[in-house]
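Chemist: Structure in structure tokens, see below.
There are 2 protein chains.
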Amino acid sequence: MSLASFENPVIRGHRRMVLLTDGHSTPFLAKTAINLLRYRGQDVIGVLDQHEAGKTAAEVFGVGGDTPVVAHLQQVPNADALYVGIAPPGGKLPLEWRDLILEAIDRGWDVVSGLHDFVHLNADYAQAAARVGVHLVDVRHNHYRDIAAGRGLSDRCVRIHTVGHDCSLGKMVVALEVQRALQAAGHRAQFLATGQTGIMISGQGVPVDCVVADFVNGAIEQLVRATEDAEFQLIEGQGSISHPAYSAVTLGLLHGCAPDGLIYCYEAGREYVKGLDQVPLPTCEAQLDVLQRIANLRHPCEVLGIAVNTRLLNAEAAAAEVRTAEQRFGLPACDVYRDGPAKLVAAALTLQARRLPS
Amino acid sequence: MSLASFENPVIRGHRRMVLLTDGHSTPFLAKTAINLLRYRGQDVIGVLDQHEAGKTAAEVFGVGGDTPVVAHLQQVPNADALYVGIAPPGGKLPLEWRDLILEAIDRGWDVVSGLHDFVHLNADYAQAAARVGVHLVDVRHNHYRDIAAGRGLSDRCVRIHTVGHDCSLGKMVVALEVQRALQAAGHRAQFLATGQTGIMISGQGVPVDCVVADFVNGAIEQLVRATEDAEFQLIEGQGSISHPAYSAVTLGLLHGCAPDGLIYCYEAGREYVKGLDQVPLPTCEAQLDVLQRIANLRHPCEVLGIAVNTRLLNAEAAAAEVRTAEQRFGLPACDVYRDGPAKLVAAALTLQARRLPS
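If you read the protein sequences in the order shown, they are chains A and B.
Going by my numbering, the first residue of the first sequence is number -8, and it counts up by one from there.
Going by my numbering, the first residue of the second sequence is number -8, and it counts up by one from there.
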């Protein structure tokens, strides 16, 4: 398969997107909207949340500049698409959004959703969309049905996979930042999205958490195989290897992409599994130990560096946390937002020099 | 959810089953048929394979006694169901079976399949079945959509999970044999099926390899929760923790059922991953090391014993292999077919005595 099999031209074509977060604008729930503002902000003309209307995106989400937050779709009349901007655990579409979605369709906008509740399977939406002639895009919808071969990946492309302590602490962001920095330095680096937000940003990828379990490893192996002409692949991670709900996704992804290097992401101060009630996180050390062993059962793999998410800390505490991380793990560490990804890029280049067949 | 949510009364009701293995009667491909003959033989009246017709099931499969292998469905006219008896990698239905399936439907038989290609979604089969009034049962078809909570399982029911070196080496058989032996000894022991064959045998379970990846752990957690009134749960394992294609399934199942004890299964002499081309297996020691660590990230768990599959060995070599396994792993070991499961049952009872709150 070529990369084209994993691309979505409809998503790529949108230039006047409205992000829907109505009533769900906390950073955890609205992470899709937040990252679309960050990485595709030029294509976003507004965010819909009645409770935050009148503010700017920057005021509500800390990103997105002056992009207006509005209470009604009529305030952004020239949009071309409504994007569901939330990623709640379990992926259910809020029932109260029904009228908003129908209104967007009636206005001639495409509707793009990354939830497990598919909009294209809702009879009312489908009828309206057919009548108006717009697309209903369910980013998670897929038909992968090939099992992984477990061998035959290129040894000329360095596969780097972001893994982490928990959900929702920056694995996609770190992969994107390292890919962009490698590209800026003149390297052919490919970001491979594996989640709804990454796919909405890049217009390609595998919605791995919605693949039928037998084919998770295989879908990711195919995605990797389709882009082996790159020097580097930055494969977005999901969940965590110990996640009570999502570890199946995490391991299928890890074995499917058979990484040469891992970047381990954690958030300073996080003690409990996000979205679950009072389930404590294991230590980073216990996870890293298991990650290295289990990755190496598939393919020789090392940990390149640590990406620390310091969003809860002030600048001084953040710098101290990063220094502590370097000592604690004996690896280069940084917060990609505060420090940039230079240390992780350097580690990737060192791995490339060591791994590539001469 | 109660256990009833996981039960299939149609499957349980069949008493005159014909197993379809036509052209695929090798032990690896026909493992569904072989285990239906073994564990539900009283409900099987014939096997259809033109290439082996005229023989008995025992002659072709080594199990099933005098059950005839036939060339045509008309030779078993009073059947009530046709069971697809194969489990090929990837789960595709052989195209050449189309006419046989339509003939079975026309004869008024239900059709039961455990493949990923769903028979009930085939328009020709569906029309014929509706006309005749028979059931098309796709054992893998499911709609699990709840994520795991990661906590709250009973500490009064001992959860025992069979894991293994590879696919297709006896994880289901070992779970069934231990469950039956515990039951025979007067204990309330529940077998929990997680694959097509186990579901066809027991009429209940979760087809875990066909669950959408995000919900794998959750579906298994629900299955466990539904039967916690048992003293013991014997949860059938799938794949292996290092399987290049199926490790997502294996880990989701392991973390979903949060076992107290593992029984590790391996086949003497197996060196390569079954069904994949020349992918070597890791050592049992490397796998066991990772299994213990990764299981304990979810819930305190120990390895109870080793189930050795000695099908390739003669009696003397088999006995030697089992003795070697006891020394190699420092754990009780047996081949459940040759030796019975008594050592594993004893280990389960010891764990119960140690684990149960007093």
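All C-beta atoms in this analysis are idealised placements derived from N, C-alpha and C, irrespective of residue type, glycine included.
CA-CA distance, A/P271 and B/L282?
Modeler: 20 angstroms
Chemist: Quick check: the Cα distance between B/L144 and B/G247, rounded to an integer number of angstroms?
Modeler: Linking B/L144 to B/G247 through their CA atoms gives a straight-line distance of about 10 angstroms.
Chemist: Relative to the alpha-carbon of B/L295, which residue among B/L225, B/E262, B/Q33 and B/K265 has its alpha-carbon at the smallest distance?
Modeler: B/L225
Chemist: In chain order, what residues of the same chain have a beta carbon less than 6 angstroms from the beta carbon of A/D108, not counting five sequence neighbours either side?
Modeler: For A/D108, the CB contacts under 6 angstroms within the same chain, skipping 5 residues up- and downstream, are K83 and L84 in chain order.
Chemist: Quick check: the region 249 to 266 of chain A against the region 157 to 171 of chain A, are there 3 or more CB pairs under 8 angstroms?
Modeler: The way I'd put it, the region 249 to 266 of chain A does touch the region 157 to 171 of chain A; three or more beta-carbon pairs between them come closer than 8 angstroms.
Chemist: For the region 148 to 179 of chain A, list every residue whose C-beta sits within 9 angstroms of some C-beta in chain B, in sequence order.
Modeler: none
Chemist: Taking only runs of the alpha helix (DSSP H) that begin and end inside the region 5 to 36 of chain A, which ones reach a length of at least 4 residues, in chain order?
Modeler: Listed in chain order, they are 22 to 31.
Chemist: From what residue to what residue does the alpha helix (DSSP H) around B/A311 run?
Modeler: Membership of B/A311 in the alpha helix (DSSP H) is indicated by the continuous run A306 to F320.
Chemist: In the DSSP output, what is B/T153 paired with across the bridge?
Modeler: B/I254
Chemist: Comparing alpha-carbon positions, which option in A/S193, A/Q187, A/I192 and A/M191 lies nearest A/D200?
Modeler: A/Q187
Chemist: With a Cβ-Cβ cutoff of 8 angstroms, do B/L28 and B/L91 count as a contact?
Modeler: no
Chemist: Going straight from the alpha carbon of B/V169 to that of B/G230, what length do you get?
Modeler: 19 angstroms
Chemist: What residues from the region 235 to 257 of chain A come within 9 angstroms of chain E, judged by C-beta to C-beta, listed N to C?
Modeler: Looking at the structure shown, chain E is missing, and the protein chains on hand are A and B.
Chemist: Evaluate A/A236 with the Cβ neighbour count: other Cβ atoms within 10 Å of its Cβ, from every protein chain shown; 16 or more gives buried, anything less gives exposed.
Modeler: buried
Chemist: At a Cβ threshold of 8 angstroms, is B/A221 touching chain A?
Modeler: no
Chemist: Who are the near neighbours of A/T301 in its chain, counting only those whose CB is closer than 6 angstroms to its CB and skipping five residues on each side?
Modeler: A259, A309, E312 and D326
Chemist: Below 8 angstroms on the Cβ atoms is my contact criterion, and I expect A/I96 with A/A120 to pass it. Report the Cβ-Cβ distance as a whole number of Å.
Modeler: 5 angstroms
Chemist: A/G4: buried (16+ other C-beta within 10 angstroms of its C-beta) or exposed?
Modeler: exposed
Chemist: So that I know if they touch, is there some Cβ in chain B lying closer than 8 angstroms to that of A/V197?
Modeler: no
Chemist: Terminal residues of the continuous alpha helix (DSSP H) containing A/I297?
Modeler: That residue, A/I297, is in no alpha helix (DSSP H); its beta strand (DSSP E) goes E293 to N300.
Chemist: When the distance is taken between beta carbons, is B/V128 closer than 8 angstroms to B/V103?
Modeler: B/V103 places its beta carbon less than 8 angstroms from that of B/V128.
Chemist: Assuming B/R364 contacts B/I138 (C-beta within less than 8 angstroms), just tell me the rounded distance between them.
Modeler: Absent from the model: residue 364 of chain B. The displayed extent of chain B is -8 to 349, so no value can be given.
Chemist: Comparing the C-beta of A/S145 with each C-beta of chain B, is any distance below 8 angstroms?
Modeler: For A/S145, the answer is no, since every Cβ of chain B falls outside 8 angstroms of its Cβ.
Chemist: Using a Cβ distance threshold of 8 angstroms, determine whether the region 207 to 217 of chain B contacts the region 45 to 57 of chain B, with at least three qualifying pairs required.
Modeler: no
Chemist: Give the DSSP-derived three-state secondary structure of A/C275 in the structure shown.
Modeler: Correct three-state label for A/C275: helix.
Chemist: Could you check how far apart the C-beta atoms of A/P198 and A/V130 are, in whole angstroms? I think they sit under 8 angstroms.
Modeler: With 8 angstroms as the limit, A/P198 and A/V130 qualify as a contact, their Cβ atoms being about 6 angstroms apart.
Chemist: In this structure, how does DSSP classify A/T47 when only helix, strand and coil are distinguished?
Modeler: strand
Chemist: Could you spell out the range, first to last residue, of the beta strand (DSSP E) harbouring A/D220?
Modeler: Looking at the DSSP string, A/D220 is not in any beta strand (DSSP E), and its letter there is neither H nor E.
Chemist: Against A/S233, what residues of chain B qualify as contacts under a CB-to-CB distance less than 9 angstroms, listed in chain order?
Modeler: Simply H246, I285, L288 and R289.
Chemist: Tell me which residues share the same chain as B/E(-2) and place their Cβ nearer than 7 angstroms to its Cβ, disregarding the 5 neighbours each side in the sequence.
Modeler: G194 and Q195
Chemist: Rank A/L10, A/K334, A/A277 and A/D330 by C-alpha distance to the C-alpha of A/W100 and give the top, closest one.
Modeler: A/L10
Chemist: Which residues of chain B have a Cβ atom closer than 9 angstroms to the Cβ of A/A338, listed in chain order?
Modeler: The contacting residues do not exist; A/A338 stays about 25 angstroms from chain B at best.
Chemist: Per DSSP, which residues does B/E(-2) bridge with? Please list them.
Modeler: B/Q195
Chemist: Relative to the C-alpha of B/G331, which candidate in B/L112, B/A204 and B/L173 has its C-alpha closest?
Modeler: Of all alpha-carbon atoms in B/L112, B/A204 and B/L173, the one lying nearest the alpha-carbon of B/G331 is that of B/L173.
Chemist: Cα separation between A/Q33 and B/F182?
Modeler: 56 angstroms
Chemist: Could you pull out every residue in the same chain whose Cβ sits closer than 8 angstroms to the Cβ of B/D57, ignoring the five residues on either side in sequence?
Modeler: T47, A48 and A49
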